[in-house]
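Taking it in order: structure first as structure tokens, then the write-up.
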Amino acid sequence: MKKILLIGNGAREHVIAETLKKSKHEVELFVVGKSKNPGIFGLAKEYLLADVSDKNAIRDFALKVRPDFAILGPEAPIAAGIADLLLELGVPSASPLQTVGRLESSKSFTRDLLEEYKILGNPKFKVFYNEEGLAEFFAELGEDFVVKADGLKGGKGVKVSGDHLNGIEEGLAYAKECLAEGGRVIVEEKLIGQEFSLMSFCDGIHTAEMVPVQDHKRAYEGDKGPNTGGMGSYSCPDHMMPFLKPSDLEEAREITKKVAKALFDSTGVYFKGIMYGGFIAVKSGVRLIEYNARFGDPEVMNVLPIMKTDFVDICEAIIDGTLDKLTIESEKKATVCKYLVPNGYPDKPVAGQRIVVGEIPAGVQAYYASVDQKEDGLYLSGSRAIAFVGIADTLDAAEKLAESAVGKVTGPVFYRKDIGTKALIDKRVEMMKMIRG
Ligand code: AMP
Ligand code: GLY
């Protein structure tokens, strides 16, 4: 019997819980989350209603349960040092300690790490602690720049020229605002290309990558509208991305491998957990946008349901440093995830309204995020609500499956019909061809 503590209560943790329960090992799940996730609830032996970073509540729960190990789903508890707290109690985690969790929680830490260890992948960038040289660097970059507030902001601190910032004046003003607020700002070259997510398991020494995925950040069809946590994602049966060359994936894999080593060399602490690289394929290869220190949401829902390797074995290998003894294998299936979100999401999402989910067809998985299960049904609670994942032999079939489930939901909700469609994917392939000539 394996007792596993799972921190978090979103769709990401729903699929993590489901995958742990599918293990060949007998698993008892102990979950900590702020609200009762209807999908996770039925899988948990005990469910503690508490904030995912509440140190006192988590300490007491861990002392009572005495889990074999823990998994921290979201970024907040990693940045708050919950893995450190658990380790002090003798509970290891398949998630990183706070020091190496800076890979996500500090964008400047990661940019500086690549620079110091001469790992190729950074765009032209500078970290500023005051206004000295700021105007000159904007002048050097010209019209194509990105300004990033440091720290965990859920992507909201990032502003891109042409998208959120009109011209150098506005860029400078926002950079000064970040400096005044956080004492630190990153200004970097704007990269042009196609983004993809490559997540890797890491035991501190060895890395093993998962199937690559493409997320869709913009709220509306045709990649329009505000940035969101991710409206949906797809992966392909050949475990490639249609717009990538094999050498692009190889480059991304190498960057992650080198960063894992650099993390240990610079901190003396092994990174144990998920290194989720947000990469972008550009004219000449691959660049790093950022790392996250956890599974991507929605990307995890493309990856875990088709993974053949036992997930409990993987977590234990991460903790023991024996990831090199495992081969991570996945089914040669296509996956398409479409997130159902409340009207008004992400800026002014409605909440408190009831939604009705139709019958879920075979080949589709539903993962619950921001929804409350009440006696008379499911209610929206203000963020991405339910993710529907179609799994099939081809992208076309997987897309139709996801569509057939998400399209049946009634209530004040919307989703992106175009995710996983041939029309949208062809556009991306075309864009890459244009860039690379
Ligand atoms: P991040 O929080 O660093 O992932 O940034 C959020 C989003 O901003 C990314 O998914 C990209 O779409 C965009 N972005 C960040 N950095 C750059 C960059 N250097 N060039 C172009 N786009 C970027
Ligand atoms: N897919 C975006 C994220 O998990 O941060």
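For the working numbering, add 26 to where a residue sits in the sequence shown, where the first one is 1. C-beta atoms are modelled at their ideal positions from N, C-alpha and C, and glycine is treated no differently.
Quick check: the Cα distance between residue i and residue j, rounded to an integer number of angstroms?
i, j, result
"K90", "Y317", "34 Å"
"G403", "V432", "17 Å"
"L167", "K448", "35 Å"
"K374", "L352", "45 Å"
"V455", "M27", "47 Å"
"K364", "N328", "10 Å"
"Y394", "T348", "33 Å"
"D323", "G255", "8 Å"
"I33", "I84", "9 Å"
"T125", "V295", "8 Å"
"V383", "K434", "7 Å"
"K443", "I42", "26 Å"
"I445", "R92", "42 Å"
"S49", "V57", "17 Å"
"E196", "G248", "26 Å"
"R210", "V153", "7 Å"
"C341", "E72", "21 Å"
"I386", "G408", "23 Å"
"I332", "L205", "44 Å"
"P252", "D241", "14 Å"
"F297", "R244", "31 Å"
Should residue i and residue j be called a contact, given that it needs their Cβ atoms to be closer than 8 Å?
i, j, result
"G188", "A175", "no"
"G147", "V312", "yes"
"T335", "V415", "no"
"A70", "L55", "yes"
"D419", "P263", "yes"
"V99", "E44", "Contrary to the premise, residue 99 reads as Gly rather than Val in this sequence. The answer is no: Cβ separation not under 8 Å."
"I104", "G127", "yes"
"V173", "V213", "yes"
"R62", "V78", "According to the sequence as given, residue 62 is Lys; it is not Arg. For K62 and V78, no; Cβs fall outside 8 Å."
"K81", "L111", "yes"
"L8", "V308", "No information on residue 8 is available, as it lies outside the stretch 27 to 463 that the chain covers here."
"G437", "Q379", "yes"
"A319", "L129", "yes"
"M547", "V326", "With the chain running from 27 to 463 in the structure shown, residue 547 is simply not present."
"A514", "S430", "Here the chain comprises residues numbered 27 to 463, so residue 514 is not present and cannot be evaluated."
Output the boundary residues of the alpha helix (DSSP H) element that contains residue i.
i, result
"E280", "272 to 293"
"A199", "193 to 208"
"E330", "It is worth fixing the name first, because residue 330 is Leu in this sequence and not Glu. Here L330 belongs to no alpha helix (DSSP H), and DSSP marks it neither H nor E."
"F67", "64 to 67"
"T45", "37 to 47"
"A428", "421 to 432"
"L167", "160 to 167"
"F87", "81 to 91"
"I108", "108 to 114"
Thinking C-alpha only, which one of the options is nearest residue i?
i, options, result
"F440", "P372, G378, E425", "P372"
"M236", "S226, L75, N35, S407", "S226"
"I417", "Y155, Y143, V172, A428", "A428"
"L224", "G303, P149, V186, E203", "G303"
"F305", "K62, G294, V239, M257", "V239"
"K271", "N369, K459, V285, R210", "K459"
"L191", "R210, A102, E207, E169", "E169"
"G18", "E401, K400, L421", "Any answer about residue 18 is impossible in this case: the structure gives the chain only from 27 up to 463."
"E142", "E277, S407, T293", "T293"
"K359", "S261, L113, K144, K283", "S261"
"E280", "D86, G193, A234, P149", "A234"
"K144", "D86, K287, K453", "K287"
"K150", "G177, R137, E157, R244", "R137"
"V462", "Y155, S259, S310", "Sequence inspection shows Arg at residue 462; the Val mentioned does not correspond to that position. Of the candidates Y155, S259, S310, the one whose C-alpha sits nearest the C-alpha of R462 is S310."
Roughly how far, in whole angstroms, is the beta-carbon of residue i from the beta-carbon of residue j, given that I think they are within contact range, below 8 Å?
i, j, result
"L160", "L198", "7 Å"
"F171", "E215", "7 Å"
"S356", "H265", "7 Å"
"I120", "G299", "Note that residue 120 corresponds to Ala in the displayed sequence, not to Ile. Yes, they are in contact, since the Cβ atoms of A120 and G299 sit about 6 Å apart, within 8 Å."
"V338", "V53", "6 Å"
"D346", "H232", "Not a contact, Cβ separation roughly 11 Å."
"L140", "L314", "7 Å"
"D94", "K47", "So it is not a contact: roughly 15 Å between Cβ atoms."
Need the endpoints of the beta strand (DSSP E) that residue i sits in, please.
i, result
"L450", "Per DSSP, L450 belongs to no beta strand (DSSP E); it is in the alpha helix (DSSP H), 448 to 462."
"V415", "412 to 418"
"L139", "Where L139 is concerned, there is no enclosing beta strand (DSSP E), although the alpha helix (DSSP H) it sits in stretches over 133 to 142."
"R244", "244 to 246"
"E214", "211 to 215"
"E54", "53 to 59"
"A343", "Run containing A343: none in the beta strand (DSSP E); it sits in the alpha helix (DSSP H), 337 to 346."
"F19", "Outside the displayed span of the chain (27 to 463) sits residue 19, for which this structure offers no information."
"P103", "Run containing P103: none in the beta strand (DSSP E); it sits in the alpha helix (DSSP H), 101 to 105."
"F171", "171 to 175"
Compute every distance between the C-beta of residue i and the non-hydrogen atoms of the ligand PLP, then say whether any falls below 7 Å.
i, result
"V186", "Questions concerning the ligand PLP fall outside what the structure shown contains, since the ligands it does hold are the ligand AMP and the ligand GLY."
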